[in-house]
Amino acid sequence: MKFAWDASTANPQPDESFSIGLPAEYRYREIGRHDDLVLGNGTKVGDCVTTTETLTCTFNAAISAATELKGSGNQMIVAQKVTQDNKTTFDANGTEVEVFHPNNERILPIAWVEKDLGKYANSLKRESSSLTWHIQFSGTTIANHLGVEAGSVNTVTFNDVSGGGQKLNPDLGSWYVRVNPEEFGGGADGYFDVAKADGTAMNTDHGKFTLKPTIGADGTTASITLSRTDGNFAKNANYEIVYQSLAEGGKIVPGKVYSNSATLNGGKNTTVSAQMAYKDPISYDVQLTQGFGSFGVKKYVTGAHQNDVPADTKIRVNVAYELPNGTTETDYPTWANKPASNPYTVEVAAGQQQAGDTLREFPKGTKITLTEDTSAAALPGALGWGGKTFSVNGTETQETATFAVDSSVQAVGLYNEVIQKTGSFSVVKKVEGSNKEAFSKETFQIAYTCENGSEGTLDVKGDGTPVDGPSVPVGTNCEVTEKEKQADGGAEREGYTVDTKIDNGAFTIKEGAASATLVTVTNTYTEVPKPTPTPTPTEEPTPTPTPTEEPAPTPTPTEVPAPGTSASTPPSNSGSNLASTGSNAVPVIAAMAVFLVTGYVILAVRRRAS
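Each residue of the sequence shown is one higher than the last, beginning at 1 in the UniProt record's numbering.
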């Protein structure tokens with residue numbers, strides 16, 4: 001709904017207001033929405049707020065100083081009732097005004113239509129924090145895509161992928177299935193919510209179902225399986241899988257295009273996609289010279305850190321233009337509101353549209369080229385500007401935008417992602433000392449730990465080849481260490497002692513290339529000395545004792561026969577009383593000699609033993 005207001009003859013005062021009331025056939029789509037009430041030159045003179053049925057605009061103190069008391073605006077409304085006529089009555093600040101319905105047609109009931117495999121999204125509001133996606137099909141169309149008989153399918157699986165700026169909602173209670181049987185028509189009241197992905201059964205009158213989404217680690221992909229457990233998908237019913245994705249930064253970015261696609265497993269050419277964006281109106285109430293047009297830029301900030309950007313942050317937009325068909329300024333004598341130079345620059349604040357008094361006119365057909373300069377728009381801390389996107393007439397381009405001026409004020413959206421600056425580090429391994437040549441060819445594991453929770457190991461060769469670590473937010477403190485045990489990829493080597501030295505082992509991540517922060521790990525090896533063998537001493541032999549000579553037996557002396565005894569051998573010298581000194585004395589002398597020798601030997605042995 002577009003409207004114009006004119007208070008030139010009303011002498012409006014601060015806190016006075018005007019309103020637009022809707023008929024029963026419509027309602028305002030965004031209840032509680034606040035908008036600025038501005039004049040044609042961009043001056044804010046009040047605020048407008050909606051309820052279900054009424055838009056009320058209240059003037060502020062600036063209205064007292066205003067001279068041109070008129071402007072325009074727009075609001076989104078939704079048809080909510082079937083009509084028999086092609087027009088209805090609005091309440092324009094107490095005055096009834098007849099307004100035709102869109103296309104000058106009646107508002108008709110919605111008939112049931114069999115849905116082919118497809119995808120769509122619910123429309124968005126300015127304060128929306130999520131997007132709602134639908135995968136739809138009927139029992140007949142899903143069978144056609146799978147190449148089987150209609151009514152024979154009871155399980156389908158989709159691979160879902162979300163575009164940038166959003167993550168799939170991990171709350172399984174927010175995922176659900178709804179059924180639209182033909183006999184209930186195609187209106188909102190013909191759809192029945194039947195089951196949630198968390199196992200909750202909501203309505204079993206139209207079947208029993210299980211919904212199982214498996215969301216990927218990055219939150220942007222999912223495998224979604226829907227099964228009917230009490231039969232097959234009915235041929236004359238539509239089915240929908242409904243789920244959400246959460247906007248990055250907690251709120252959707254007006255004008256940003258969000259996308260989602262789903263592919264049916266087992267089908268051919270069965271990827272369906274949808275896009276959705278909230279089109280925040282960029283409008284100016286200016287009087288253009290006939291044959292001339294203009295454009296206005298609105299600056300949007302996106303990304304997870306969009307709320308960290310100060311409201312007074314301004315960026316520069318560079319504008320270059322080329323007049324149509326080789327013409328020059330002299331060909332346009334009525335060209336009054338022209339730029340002072342070509343190119344020229346305008347400033348736009350984050351979240352705001354270009355001020356009305358900075359708009360310039362151009363002959364219709366002029367080629368405009370826009371680029372952005374963020375060098376003067378400093379961001380706090382470790383934040384930085386990421387990618388930039390221009391959106392003109394529904395066409396998005398990166399880095400620059402080129403378009404032709406028409407006879408209106410064209411809206412240009414400029415989107416900048418705010419990112420956290422990142423840096424990295426690089427690790428070099430050096431080997432010194434014993435067996436340097438061999439060890440420098442081996443790989444060592446270097447561990448890193450950063451205070452943002454980033455941790456891991458790097459495989460680094462000992463030949464001095466640098467290995468880069470992961471990207472880490474600027475300003476993060478990190479530490480590098482080396483494992484000890486060789487079995488763990490550490491520094492130890494059998495038969496060697498090692499002295500490990502780490503230069504710059506604790507550091508703070510800086511913006512730029514990994515080589516800006518270099519960590520050097522040096523291992524110096526020393527071979528463990530091998531022991532010299534000790535000779536075994538020869539054992540002193542035990543002396544062998546001289547054997548004791550067996551003494552010869554002492555002969556029994558020949559007894560002198562007693563007188564009167566007859567000797568066997570008659571004495572050769574009978575009648576003599578002297579001792580015998582001849583052969584008879586030899587045995588006695590021999591016995592004595594043997595005895596003496598034996599005694600000497602025994603004495604000698606005893607002395608040696610002592």
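Positions of the beta carbon are idealized from the N, C-alpha and C atoms, including for glycine.
None of these values were measured; they are calculated from a predicted model.
| Check | Outcome |
| --- | --- |
| Spatial neighbours of Thr52 in its chain, beta-carbon cut-off 7 Å, leaving aside the 5 residues before and after | Arg27, Tyr28, Ile31 |
| Local conformation of Gln84 per DSSP, three classes | coil |
| Lys196 - containing beta strand (DSSP E), residue span | 192-196 |
| Contiguous alpha helix (DSSP H) assignments of at least 4 residues, all confined to the region 120-208 | 139-146 |
| Short Cβ contact (8 Å threshold) for Val78 with Phe90 | no |
| As assigned by DSSP and simplified to three states, the class of Pro102 | helix |
| Collapsed DSSP secondary structure at Ser273 in the structure displayed | strand |
| Other residues of its chain near Gly575: CB distance less than 8 Å, five sequence neighbours each side excluded | Reliability fails at Gly575, whose pLDDT of 42 lies under 50, so the model's placement of it is uncertain and no value is given. |
| Exposure label - residue 622; buried when at least 16 CB within 10 Å | With the chain covering 1 to 610 only, the question about residue 622 has no answer from this structure. |
| 6 Å CB neighbourhood of Ala447 in its chain, flanking five on each side removed | Thr457, Thr481 |
| Option in Leu108, Ser19, Asn122 with minimal Cα separation from Gln75 | Ser19 |
| Residue 650 burial status per 10 Å Cβ neighbour count (16 or more: buried) | Residue 650 lies beyond the residue range present for the chain, which begins at 1 and ends at 610; the question has no answer from this structure. |
| Alpha-carbon spacing of Gly186 relative to Ala195, whole angstroms | 20 Å |
| Val472 and Thr422 closer than 8 Å at C-beta | yes |
| Which listed residue (Gly291, Asp463, Gly489) has its alpha carbon closest to that of Asp331 | Gly291 |
| Residue burial classification, Pro102 (beta-carbon count within 10 angstroms, cutoff 16) | exposed |
| Boundaries (first-last residue) of the beta strand (DSSP E) holding Ala401 | 400-404 |
| 8 Å Cβ cutoff met for Ser245 and Asn180 | no |
| Separation of Ala350 from His305, as counted between CA atoms | 13 Å |
| Beta-carbon proximity of Trp175 to Tyr258, cut-off 8 Å | no |
| Glu494 versus Phe507 - alpha carbon distance | 32 Å |
| Closest Cα partner of Pro254 within the set Gly139, Leu211, Thr302, Thr220 | Thr302 |
| Close-in-space but distant-in-sequence residues of the same chain around Thr263 (CB under 7 Å, 5 per side omitted) | Phe158, Asn159, Thr270, Thr271 |
| Residue span of the alpha helix (DSSP H) that contains Ala438, given as start and end | 436-439 |
| Residues that Tyr300 bridges to, as DSSP identifies them | Tyr415 |
| Own chain residues within Cβ distance below 7 Å of Ser572, not counting five before or after | Caution applies to Ser572, whose pLDDT of 43 falls short of 50 and renders its modelled position unreliable; the value that the coordinates give is listed next. No residues qualify anywhere along the chain. |
| CB of Ala401 within 8 Å of CB of Val392, strictly | yes |
| Start and end residues, beta strand (DSSP E) containing Asp331 | No beta strand (DSSP E) holds Asp331; DSSP gives it neither H nor E. |
| Selected residue, minimal CA-CA separation from residue 658, among Pro23, Thr369, Leu359 | With the chain represented from 1 up to 610, any question about residue 658 goes unanswered, as that position is not in the structure. |
| Cβ-based burial, Glu96 [other Cβ within 10 Å; buried from 16] | exposed |
| Counted within 10 angstroms of its Cβ, other Cβ atoms place Thr204 as buried (16 or more) or exposed | exposed |
| Same chain only: Cβ atoms within 6 Å of Thr520, ignoring 5 sequence neighbours per side | Val428, Asp503 |
| Endpoints, the beta strand (DSSP E) within which Arg27 is located | 26-28 |
| Thr374 beta carbon less than 8 Å from that of Gly433 | no |
| Reduced DSSP category for Gln75 - H, G, I as helix; E, B as strand; rest coil | coil |
| Supposed close pair Leu359, Tyr284 - CB separation, criterion 8 Å | 6 Å |
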